[in-house]
Amino acid sequence: MGMVIVTENLTKDYHTGFRAHTIRAIENLNLEVEVREIFGFLGPNGAGKTTTIKVLVGLTKPTRGRAMVLGKSSTDVDIKKLIGFLPESPYFYEYLNPVEYLKLCAQLSGIARAEQQRRIEKLINLVRLERFVKMPMRGFSRGMLQRVGIAQALIHDPELVILDEPMGGLDPIGRREFRDIILKLKEQGKTIFFSTHILADVEMICDRVGIILNGKLINTGRLDEILGSEIETFEMVVRGLDRKMVKVIERISNKVIPSEDKVLIEVKTEEEVERIMVIMREVGAKLLSLIPRRKTLEDHFISEIQKERLKEI
Ligand SMILES: Nc1ncnc2c1ncn2[C@@H]1O[C@H](COP(=O)(O)OP(=O)(O)OP(=O)(O)O)[C@@H](O)[C@H]1O
Ligand SMILES: [Mg+2]
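In my numbering, each residue's number is its place in the sequence shown (first place is 1) plus 411.
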């Protein structure tokens, strides 16, 4: 498989303040993104996502190491026409409407006049801005602007699409529509690299993810490899257990939460489920639900962050 993005020991320092204080924003990042892959770049605030993206799109140079994009150095101007980019806080000319703005982007990208209108219409449909084409963007919500931003990134039909927090400001419906857009782009043969901290959305569409924390890549791989497919816990909801039985079950499970007429019980193995079922049968209690739970990306993310923080102490 061809690699679209390869970074080798990518490191970026910022120098700030009077005494040229150094902030290491990213350190020894080794990333690989394959052609036609949807890659989710995950990390909390200040982790180094935007810095990495700025290097990839050639807005800033690495302090050490290198980034290769579409087979060339990220600093090579030739690759710019093959990359679509949505920055973290895009700026829009507020007196233009989306069509006028996209037309300007198309002209700047050197798209032939005859082709411009067709592309703009297609993109307006893709990002579902049909009803707002004649409105100046100063009245737009953040979510609507984000849609314009995504359309703008695609205007020149790039091979690689790099989006910094594309789901910021989108409501749940907008996020679902965004996921559909990303999947359509993949179908068209494009490679998509996007940063986010909205884990649920990544979980549904990404082929692989990279998790960055304090400038370091702490995990990268296919989601099923990172999360594993095993069942982590079983959640049982039971009705008809008296207080004495709850005490007995507490010896099997360390998470027993009684509510008015039900008890929520969490256990780790099938064997423990069986033992609880035996007790239930004896006392005539009723199983209302049994849900096997896999580890979610959220669980993984939180445990990785905790591990990292413990190392720092
Ligand atoms: N231009 C800059 N000058 C100095 N420090 C910077 C600069 N840009 C970023 N940093 C610092 O580098 C680190 C990484 O920042 P970066 O913006 O890459 O994180 P991020 O993962 O994109 O965060 P967020 O989720 O908040 O967007 C932070 O500590 C940040 O304060
Ligand atoms: Mg950022």
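From the three backbone atoms N, C-alpha and C, an ideal C-beta is built for every residue, glycine too.
| task | Indicate the three-state DSSP secondary structure (helix, strand or coil) for Asp568 in the structure shown. | result | Working through the sequence shown from its first residue, we reach residue 568 at position 157. Looking at Asp568 - three-state DSSP - the assignment turns out to be coil, as it is neither helix nor strand.
For Lys655, is the classification buried or exposed, using 16 other Cβ atoms within 10 angstroms of its Cβ as the cut-off for buried? Here residue 655 refers to the residue found at position 244 of the sequence shown. In this structure Lys655 is exposed. Its beta-carbon is surrounded by fewer than 16 other beta-carbon atoms within 10 angstroms.
Report task. Flag this pair as yes or no: are the beta carbons of Leu467 and Ile416 separated by less than 8 Å? Result -> By one-based count along the sequence shown, residue 467 stands at place 56. By one-based count along the sequence shown, residue 416 stands at place 5. Using a Cβ distance threshold of 8 Å, Leu467 and Ile416 count as a contacting pair.
Review point. Would you report the Cα separation of Val510 and Arg524, rounded to the nearest angstrom?
Key: On the sequence shown, residue 510 is found 99 positions in, with the first residue counted as 1. On the sequence shown, residue 524 is found 113 positions in, with the first residue counted as 1. Each residue's alpha carbon lies about 14 Å from the other.
inquiry  = Using only CA atoms, which one of Ile642, Thr644, Gly621 lies nearest to Leu748?
reply    = The structure shown does not extend to residue 748, since the chain is modelled only from 412 through 724, so no value can be given for it.
- Task: List the DSSP bridge partners of Lys483.
- Result: Position 72 of the sequence shown, counted from the first residue, corresponds to residue 483. Per DSSP, Val480.
Go through its chain and collect everything with a Cβ distance to Asp653's Cβ below 8 Å, but skip five positions before and after it.
-> Here the question's residue 653 lines up with position 242 in the sequence shown. Answer for Asp653: Val694, listed in chain order.
message = Going by DSSP, what residue range makes up the alpha helix (DSSP H) through Glu683?
response = Within the sequence shown, the letter at position 272 stands for residue 683. Counting along the chain, the alpha helix (DSSP H) containing Glu683 begins and ends at 681-694.
Determine the direct distance from the alpha carbon of Lys706 to that of Glu636, and round the result to whole angstroms. Stepping through the sequence shown from its first residue, residue 636 is reached at position 225. Stepping through the sequence shown from its first residue, residue 706 is reached at position 295. CA-CA distance, Glu636 to Lys706, rounds to 11 Å.
Of all the options Tyr506, Ala517, Gly457, which has the alpha carbon lying nearest to the alpha carbon of Tyr425? By one-based count along the sequence shown, residue 425 stands at place 14. Answer by Cα proximity: Gly457.
Point to revise | Contact shell at 7 Å, judged by CB to any heavy atom of ligand 2, ordered along the chain | key: Applying a distance threshold of 7 Å between residue Cβ atoms and the heavy atoms of ligand 2 selects Lys460, Thr461, Glu499, Asp575, Glu576, Ser606, given in chain order.
* Asked: Going by C-alpha distance, which of Val648, Arg539, Glu614 is nearest Lys666?
  -> The count along the sequence shown starts at 1 and reaches residue 666 at position 255. Ranking the options by Cα distance to Lys666, first place goes to Val648.
Quiz item: Under the DSSP definition of a beta bridge, which residues are partnered with Asn439?
Solution: Looking up residue 439 in the sequence shown gives position 28. Asn439 pairs with nothing; no bridge assigned.
- Item | Gly454 to Arg475 span [Cα, whole Å] | Locating residue 454 in the sequence shown gives position 43, counting from the first residue. Locating residue 475 in the sequence shown gives position 64, counting from the first residue. If I take the Cα positions, the gap works out to 22 Å.
Is the Cβ-Cβ distance between Glu438 and Lys718 less than 8 Å? Working through the sequence shown from its first residue, we reach residue 438 at position 27. Working through the sequence shown from its first residue, we reach residue 718 at position 307. It is not a contact, given that the beta carbons lie outside the stated cut-off.
TODO: Just list the alpha helix (DSSP H) runs in the region 568-598, keeping only unbroken ones of 4 residues or longer that don't cross its boundaries, in chain order.
DONE: Segments of the alpha helix (DSSP H) lying fully in the region 568-598: 583-598.
### Query
Is the region 573-589 close to the region 602-612, with three or more CB pairs under 8 Å?
A contact is defined here as three or more CB-CB pairs under 8 Å, and the region 573-589 meets this definition with respect to the region 602-612.
### Where the beta strand (DSSP E) through Tyr425 begins and ends
Mapped onto the sequence shown, residue 425 falls at position 14. According to the DSSP assignment, Tyr425 belongs to the beta strand (DSSP E) that extends over 414-427.
Run of the beta strand (DSSP E) containing Arg384, from where it starts to where it stops
Look at the range of the chain in this structure, 412 to 724, and you will see that residue 384 is not part of it.
Express the C-alpha separation of Leu698 and Glu499 in angstroms, rounding to a whole number.
The count along the sequence shown starts at 1 and reaches residue 499 at position 88. The count along the sequence shown starts at 1 and reaches residue 698 at position 287. CA-CA distance, Glu499 to Leu698, rounds to 48 Å.
Practice prompt. Could you name the residues of the same chain whose beta carbon sits closer than 7 Å to that of Ile593, not counting the 5 residues immediately before and after it, in chain order?
Written response: Translated into positions along the sequence shown, residue 593 becomes position 182. Result list for Ile593: Ile449, Ile603, Ile616, in chain order.
query = Sorry if obvious, but does the Cβ on Thr427 come closer than 7 Å to a heavy atom of ligand 1?
reply = Residue 427 sits at position 16 when you count from the first residue of the sequence shown. Yes; taking the cut-off as 7 Å, the Cβ of Thr427 has a heavy atom of ligand 1 nearer than that.
_Identity of the residue in Arg650, Asn630, Arg704 nearest Leu442 by Cα_ = Within the sequence shown, numbered from 1, the residue matching residue 442 stands at position 31. Shortest Cα-Cα distance from Leu442 to any of Arg650, Asn630, Arg704 involves Asn630.
_For Glu532 and Ile522, I'd like the C-alpha separation in whole angstroms._
To locate residue 532, count along the sequence shown from 1; it is residue 121. To locate residue 522, count along the sequence shown from 1; it is residue 111. Looking at the two C-alpha atoms, the distance is approximately 14 Å.
- Item | Check: Gly495 C-beta below 7 Å from any heavy atom of ligand 1 | Along the sequence shown, read from residue 1 onward, the residue named residue 495 stands at position 84. Gly495: no, Cβ never under 7 Å from ligand 1.
Check your understanding: Just the Cα atoms here: how many angstroms apart are Ile434 and Lys423?
Key -> To locate residue 434, count along the sequence shown from 1; it is residue 23. To locate residue 423, count along the sequence shown from 1; it is residue 12. Ile434 and Lys423 have their C-alpha atoms roughly 8 Å apart.
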